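Everything on this sheet refers to the single structure shown next.
Residue numbers (full-length UniProt numbering): 1 to 902.
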C-alpha cells in the first residue's frame, strides 16, 4: 500500500513543481531531491509489497515510507491551500496582490522549513536499509506460510455436506463420451471446499476405473514448472510401478514435457491441477499433454474465474462455479461439529444463528467457527461474549489463524494497486451493497486508479473491480437486466479481516479518528461515536452511512475541520442545506449529497475547482448556478429531483446554466432539460451546447421539443464516445424528431427514447454495439421488431406504448442474443408470433397490460431457453391462464405475474 501513497505523491510533486515555477531555489531543490528518492523507493516497493506480510522488519520500513509520503502530501496541500485565493482586479485588487505576494513569500519559507525536515528522514531510511536489497533479490515465497493443503483436510474432516450434487456433475463431465481432451475447471473463493470436492471426485471408484493414468498436482502460488513436471513424471511411473529414468533429474522443462507426452500418448489420463493461481502454470503444463482422442481430462481448481475460463477455452471445456452452502446445509454442518450431531439447545439457538450467518455458507468458516465454539461451555453468557468479540477473536485467536490465512491468500496475491482498492471496501457497512459506479468514482477521487493509454479512468477502475470479482474477493450482488453489474459486496468474514488491515495501513477506519495518519473515516449510524478531542487534521476522506439524527453545528464543524478533505460522501445524511464549511475545502474532488433534503446549490460552489464528481441525485435541487461552470475538472454531474413531496422518484431534469458546454471534461450528465437559456452573452440552446461535451459517455436529456430535433441530432453526431443515451420529450405526444441523425455514436450500448416517433429511426439498426433499447410512447404503426432483429449484441428490448399495431412477429434467425423482452401497454396488440429459430437465448418474456391479447404466443414452444413468462392484465386473464396451464409445450417454463412490475 505504501507504493500507492508514493505513486500518488510523485504525481502530486510533478504537478506541484510544474505549477509553482516561482518556488524559491532551495525549496525546488529539496522537492526535486525528495522526488528522486521516492522514485527509487517506488521501484523497490513493487518487490517489497509481496513479502511485507512475512517480514516484520520490512513492515516497519514500509510504514516509515508511507508516513513520509503522507507527510509530504500534507505539506504540498497545505501550501496550495494558503495560496488558494487569487488576486482580484482594480484598486483593491492591487492592494490585495501586495498582501498576497507577502503571503506567498511566507508560505514559501514555511514549505521550505517543512520539506527540509523530510529529507533527513528519507536519508535515514536509505542508510538503515542499505540501498534496499534487504534480501529481496529472491522472489521465492514462504511455502510453509502459504501451504493450503490443510484446507481440504480441514473440510474433509468435517464430512462436508452438500457435496453429492456437484460431485455427480463433475463426474458426468469427466466420464462422458466426448473423445477429445477436455479441461474442467472448479472455481470459487477460498474456503468453499474446492479441493475437498475434487479430491472426492478423483478418488471415486467410477473415475478410477474410467481412466488409465491418474495424477494429482498442487500448483500453489510459488510453483516452479520443472518441479511440477517432475512430480507428474514421478506419479505416472509410480502408478505403473516402474522406476523413473535417471536422466529426468537433470532434464530441462522441454525434455520433461517430452517424457510426459510420450508416456500419455496411448493412455486415457486424468490430471488434477489443484490451486492454480496464474495462467502461466497452465500454459506451461498444456504443452506436455497430448490430445490423443482417448477422452482424457484435466480437472483444475482456482479462485480466479478468468483463469478458469481461459484454461477451458481451447478444449471447449466446462467451468463449475462452487457455491456457498445453503442455510439448511450450513446449519447441518454447524450442529454436526458443535453438538456432535445432536440438536442445538433452545437457549443457544438465536446466538447460534447469528454466529452462523456471519459465515455466509463458507464451509471453512463454519468448520473453524464451530470448532472454536465446541470448546466453549454451552452457556448463553459465554456464547454472547464470543458473538460480541468476534472481530478480536478473528485477529488474535490461534484457532482462527489458519482460516484467516486461507481467506487472505487471494488478497496477498493481488498487485499493490488492487490491494488498496480492496482494503477501501472495508469502510462500507456490513452486508452493504456497494453501487459499482459509486465505488469507481470514489476510487478515482482517492487517487487509486492509474492512467492507462486509450482508456478513461472509469474504464480502468471498472477493470480493477472485475479483477477483484474474478479473484473471488468481491461478490457481484445485483445486475441489470442485460447482465451488467449494478452492486457488489464483500463476504462478512473477509470484511472483518480487511478492516483490521485497513487500520494497520492507515487507509481507513470506522467511527474513530484518533490516529491523525488515517486518511479515511467512515461514520456508521451516529456521529455521537466521534469524540471532539480526536484529531482529523490528516483526514482526506469522510463517508457517512445511516446517520438519521440531525447534524449539529458542532458536529459539522468537527467533521469538516480538515481543510485537506478530497472525498466527502454525505449520502442520505439529514441535511437541508449544504454546510458552508464545505466550500472551504478547495482540494475536494468528490461531493455527494445524494438522497438528502438539499434544495439549493449556492454560488460558493465555484470555490471547489478540483471537483470531479457532484452527486445531487434524489434531492430537491432543480437548477444550478452559473458558477458551476468554474468547475472545469468536473467529470460526473448527477442531478435527478423529486416530483412530489413524498419523494416519488420520477426522474426529472434540471435547468442548466448558460454555456453548460464549457464543462468539457464531463463524462456523465444526467438529467438536463432542453430549452433556451438566457445569460450575460445572450441566449443559448441547450441541445447545441451539448455538442461541445465531446467526452460524454452517458447523457440524459428531458423536455426535448420537436423543433429541437435537427440541432439535437447534430450535437449527438459529435459525441462519438457516447455509451448511453436517454431522451425524453417535453410531453407524451410530442414528436421526437430524430430522423436527421446520419452518423450515430457507434459505441452506444444503451438507448432509451421516450416520446412519439413518426417513423422508426433508420440509424438505430446500425448500432452494432447496442445491448439495451427501450421505446416509450413511440406510437409506431409498423412492427418495429423487423428493424431491430439483426442487431448482433442486443440483449434487452422493451416496448411501452410503443406500438399501435395488432401483431408482432419474432422471425426466424432474428434476435440471436436477446435475453429479455418486455411488452407493456401495447393497447392494440392481439397476437405475438414466435417463429422457429427466433430469439434462441430468450430467458424472460413479459406481456403486461396488453388487454387485447387473448391467446398464448404462437410458437412459444420454440423458446426452449425461456426461464420466466410474466403475464398480467390480459383480456379474460383467467381463461388465458387455463390455456397456458394445459399446454405441454410451455410446461417447463416457470411463470409468475402481478407480483412483478416493469
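All residues carry an ideal CB built from backbone N, CA and C; glycine is no exception.
Computed from a prediction, not measured in an experiment: that's the story for all the values here.
Under the three-state reduction of DSSP, residue 475 is assigned to strand. Taking the Cα of residue 374 as reference, the smallest distance to any Cα among 333, 475 and 610 is reached at 333. Using a 10 angstroms sphere on the CB of residue 354, the tally of other CB atoms stays under 16, which defines it as exposed. When the alpha-carbon of residue 462 is set against those of 432, 454, 449 and 472, the nearest one is in 449. In this structure, the alpha-carbon of residue 837 lies about 16 Å from that of residue 794. For residue 341, the closest C-alpha among the options 203, 370, 350 and 325 is that of 370. Leaving aside the five residues that flank residue 256 on each side, the residues in its chain whose CB is nearer than 6 Å to its CB run, in chain order, 229.
Judged by beta-carbon spacing, residue 704 lies within the 8 Å limit of residue 736, meaning their Cβ atoms are closer than that value.
Here residue 175 has 210 as same chain residues with Cβ atoms under 6 Å from its own Cβ, once five neighbours each way along the sequence are excluded. Contact between residue 119 and residue 34 holds: their C-beta atoms lie close to 7 Å from each other, under 8 Å. As DSSP reads the structure, residue 522 sits in a beta bridge with 510 and 543. By the criterion of a C-beta distance shorter than 6 Å, residue 183 is surrounded in its chain by 298, 311, 312, 315 and 317, once the five residues flanking it on both sides are discounted. Secondary structure note for residue 752: its beta strand (DSSP E) is the uninterrupted segment 750 to 754. For residue 668, the beta-bridge partners assigned by DSSP are 636 and 698.
At least 8 Å separates the beta-carbon of residue 633 from that of residue 667. A contact between stretches requires three or more CB pairs, one per stretch, nearer than 8 Å, and the stretch 801 to 817 meets this requirement with the stretch 835 to 849.
CA-CA distance, residue 41 to residue 13, rounds to 15 Å.
For residue 287, the number of other beta carbons within 10 angstroms of its own is below 16, and it is reported as exposed. Looking from the CA of residue 548, the closest CA among 540, 561, 629 and 527 belongs to 527. The Cβ atoms of residue 770 and residue 753 lie no closer than 8 Å to each other. Note that the C-beta distance between residue 178 and residue 214 is not below 8 Å. Contact annotation, residue 219 with residue 275: C-beta distance approximately 5 Å; criterion of less than 8 Å satisfied. In the DSSP assignment, residue 844 falls within the beta strand (DSSP E) that extends over 844 to 848. DSSP places residue 872 in the uninterrupted beta strand (DSSP E) bounded by 868 to 872.
Inter-residue distance for residue 242 and residue 385 is about 59 Å (C-alpha atoms, whole angstroms). Excluding the 5 residues flanking it on each side, residue 173 has same chain C-beta neighbours closer than 6 Å at 184 and 318, in chain order. The C-beta distance from residue 710 to residue 740 rounds to 5 Å, short enough to meet the 8 Å contact threshold. Annotation: the continuous beta strand (DSSP E) that includes residue 567 extends over 567 to 569. Listed in chain order, the non-local C-beta contacts of residue 308 below 7 Å within the same chain comprise 185, 187, 302 and 319, local neighbours out to five positions each way being set aside. For the beta strand (DSSP E) assignment, the uninterrupted runs of no fewer than 3 residues enclosed by the stretch 574 to 630 are, from N- to C-terminal side, 590 to 592 and 613 to 615. Per DSSP, reduced to three states, the secondary structure at residue 187 is strand. Taking C-beta atoms as the reference points, residue 721 and residue 689 fail to come closer than 8 Å. Burial is judged here by how many other beta carbons sit within 10 angstroms of a residue's own beta carbon; residue 467 has at least 16 and is buried. Cβ contact annotation for residue 192 (same chain, cutoff 6 Å, sequence separation greater than five): 322, in chain order. Per DSSP, the unbroken alpha helix (DSSP H) holding residue 712 starts and ends at 709 to 718. For the pair residue 725 and residue 693, the CB atoms are not nearer than the 8 Å cut-off.
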